[in-house]
Structure formats: C-alpha cells, structure tokens
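K.L.:
Numbering (the working numbering), first residue to last: 201 to 626.
(1) Can you name, in chain order, every residue of its own chain whose Cβ lies under 8 Å from the Cβ of residue 208, other than the five neighbours on each side?
(2) So, helix, strand or coil for residue 278, using DSSP?
(3) Buried or exposed, going by whether 16 or more other CB atoms sit within 10 Å of the CB of residue 293?
(4) I'd like to know whether the C-beta atoms of residue 542 and residue 565 end up nearer to each other than 8 Å.
(5) If you measure between the beta carbons of residue 298 and residue 327, is that distance less than 8 Å?
(6) Does DSSP put residue 228 in a helix, in a strand, or in coil?
(7) Output yes or no for whether 8 Å exceeds the beta carbon distance between residue 404 and residue 442.
(8) Cα separation between residue 517 and residue 590?
(9) Nearest by alpha-carbon distance to residue 499: which of 507, 490 and 506 is it?
(10) Just how far apart, CA to CA, sit residue 503 and residue 242?
(11) Is the region 383-398 close to the region 298-308, with three or more CB pairs under 8 Å?
(12) Check whether the region 259-269 and the region 464-473 are in contact - that is, three or more C-beta pairs closer than 8 Å.
(13) May I have the straight-line CA-CA distance separating residue 527 from residue 444, to the nearest angstrom?
(14) When the Cα of residue 317 is compared with those of 369, 362 and 279, which residue comes out closest?
(15) Just verifying my parser: in three-state terms, what is the DSSP assignment at residue 210?
(16) Pairing CB atoms from the region 235-251 with CB atoms from the region 275-283, are three or more of them under 8 Å?
(17) State buried or exposed for residue 454, treating a residue as buried only when at least 16 other CB atoms are found within 10 Å of its CB.
Set out below in structure tokens:
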C-alpha cells in the first residue's frame, strides 16, 4: 500500500457552486479536525446517495512545475509523457502546476500513441492545478487510469483524444472543479472539450470502460462527443466512425452539480464496427460504398449494437441525456433535482436486438422536496422531474420507471426540434 503524506491536504466537493480545500490537523477515531471552518453546508444523505466527495491531494512524492511562465499567449507549466511504444507507470504521486495552454501534447499525465499497452498505468495520483487538461489517453489501448483525483484542472480533466482508443479502464477517478464553470479554458486545440463543452471526462471513443467515476462542478460531467469529429481526430482521422463504435462498460458513475449536463452523449448510434485492439482501434473496412460503419449490413440487416449504461446517479445538474441516440438503454438510472431529468433532444431508432425494447428501464426520476437538500444543490425548494423525449416516427418505451415528487412528462410534440411520436410507459 502507498505511504501517505501527513498532514494531508484535502478538498471537499461543493454541492452548489464551490469546493473548499483544507489541511488536516489531526485525526482521532472518526473525528477529523481541519485548519478552518467549512464556509458552506454539504449534503450528507447516504440514504439518497447524495454525498460530497472528500479527496486527498497529498502524496509522499510530489512532482511540481515552477510558477507558470506566461508568454506569447501561452501558459507554460509541467508536463510528463509516456510515448511512442514505451511502457510506463506513474502511481501515487502528486502533480502540480502542470499543463501548457496552447502547446499541443503538454499535459500533466499523458499516454501518447502507445498502441496496445496493458502495462501502462496511471493509478492513485493527485493532479492539482493544470492549465491544459489533466490525464490524456491518446492512441492507446488497454491502459489503466484508476483512482486518481483531480482538483483545479482547466479543460477536460480526463481526455480520450482521437477515437481509436479501446478497452482502456478508466475507473474510480474523482475530478472536482473548485468553482462551477471555472475550469473552462480557451486557447487549446479543442474548445469542444476544454471551453464551450468543458467536461470532467471528455471522450471521442466510448469503446472504453468508464466505471465508478465522480465528476463535480464542471460545465458537463461526462461528454461522449464524437459528432464534431465523425471521422476521428489526429492520426486516426479518416479511419474511424466514432459515433458508431461499440460502447465499453459505462456503469456506476456519479455526476453532480454540473452547470449544464451530467452525462452528455451526442448523436451516438453504436454499430458492429470492424475494429479491434489488433487493428490499433482503426476500422478495417472504411471503403466505399459499404463499410461496417454503415446503418445496414451488406445483406440489408440493421447493423445496430446495443449499449447499456447502468447504475448511474446524477443530481443537481441542469440536464442529462443526449441529442439523438439509438440502440442505447439507460438501466437503473437515478436522476435527482435536475432541471431536465432526461433530455433526449431529437431522434432515436428501434433496437436492432429485438430482445431489448425499453430505452429507459428500472430507473427513477425524482425531485426531493426538501428545503435543505434543494438549497444546498441550488435547485430551489420545488421543481419537476421532466423527460423531454424524442420525436419522429415510432415509440419510446419506458419500463418500470418511477417518477417521484412534482413531475411532468413532455410529449415529443412539445420539443420544438422534434415531430410527434408515441410515448409508452410500462
């Protein structure tokens, strides 16, 4: 087990708009004494799974940049990289004053074009303050990014870059923005991830395992944003169709107190795309006129591939969901005190796998009418648990879904970007 620095620096996630950091002065049993008082209340309701994160920012080993050098519109800090076929691990280390805004490839922790690298690991690190992203997985497969904590990282905290990344384990990480909206960063090569769509986790490729992560106080908690890059990015461009790549295991994540979306998926329609770790994650048959990226197979069958997002908890966000989305089911989703409990803006399609019928199953949309909880979340004393569903031709099936509190369900015709469809609730 790693040794721990004492006295440790800790940060406590904010449930409304601001996180706070402290030094621990003493620990006696279950009593922890901090070096100052909390400036705002936190929700601690284990029965509702609504709890503030406490992350340890101290490690016995610290790698620190100098104070940031600002010149020519750039902000220059520490960067590290494991690159070009190497194998490496960085674990239980503190990284501070990192990232170089406006300089491509300069991030605190960076897997760069490693291909298949199951022995590449970023585990248990603390990344505090960065001017350009936090942990970057680029052109790499089967690596591990687990149990890291990030605080005060500008831009995307965890960034999956080009679209050919596959089977990486991104597990149990916590990324807290100190002040809601303050982690947006201009001047990078991708404003979708860092500025206009800044996210705790941002990924072109969803063919990775995202399990047990917690994203707090960002513009968006988690963004699967392949639509701006339909052919992939960088070295993978023109060899990918990331809107149609299969999903990995996306489960047991918590996204809360984000200014815009908790989870934001954009135009994802997963299909049986011919790509693998052996092909460096690249599609092997991108040819005209037929490709495994296409909606139909060569014999005219539906090429959709079911993806199930499981056991997700969201609270205190503005939205959750997607624009258009197909062959994707939310299973055991719980959304609490969000302005739109589920926002499925435009269209969908029937599942190619006829054994799967419900788009949302065994889930709960809730507005907790509790002044303390609502006040701390910044959601007001009362509100609604809305579904803004898709339109177009066809039906939208909800199975064993509960609506708790003051709720309404919008018919698709009320969505100005949709045409009328049928809503079925079982």
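Note that CB positions come from ideal geometry on N, CA and C, so glycine has one too.
Keep in mind that this is a model prediction, so the values were computed, not measured.
P.N.:
Reading off the structure:
(1) 223, 224, 256, 257 and 258
(2) strand
(3) The residue is buried, with at least 16 neighbouring Cβ atoms inside 10 Å.
(4) yes
(5) Going by C-beta atoms, residue 298 is nearer than 8 Å to residue 327.
(6) strand
(7) yes
(8) 20 Å
(9) Across the set 507, 490 and 506, the C-alpha of 490 shows the shortest separation from the C-alpha of residue 499.
(10) Taking C-alpha positions only, residue 503 is separated from residue 242 by approximately 47 Å.
(11) With the cut-off at 8 Å, the region 383-398 and the region 298-308 touch.
(12) no
(13) 10 Å
(14) Checking every option, the nearest Cα to that of residue 317 belongs to 369.
(15) strand
(16) no
(17) buried
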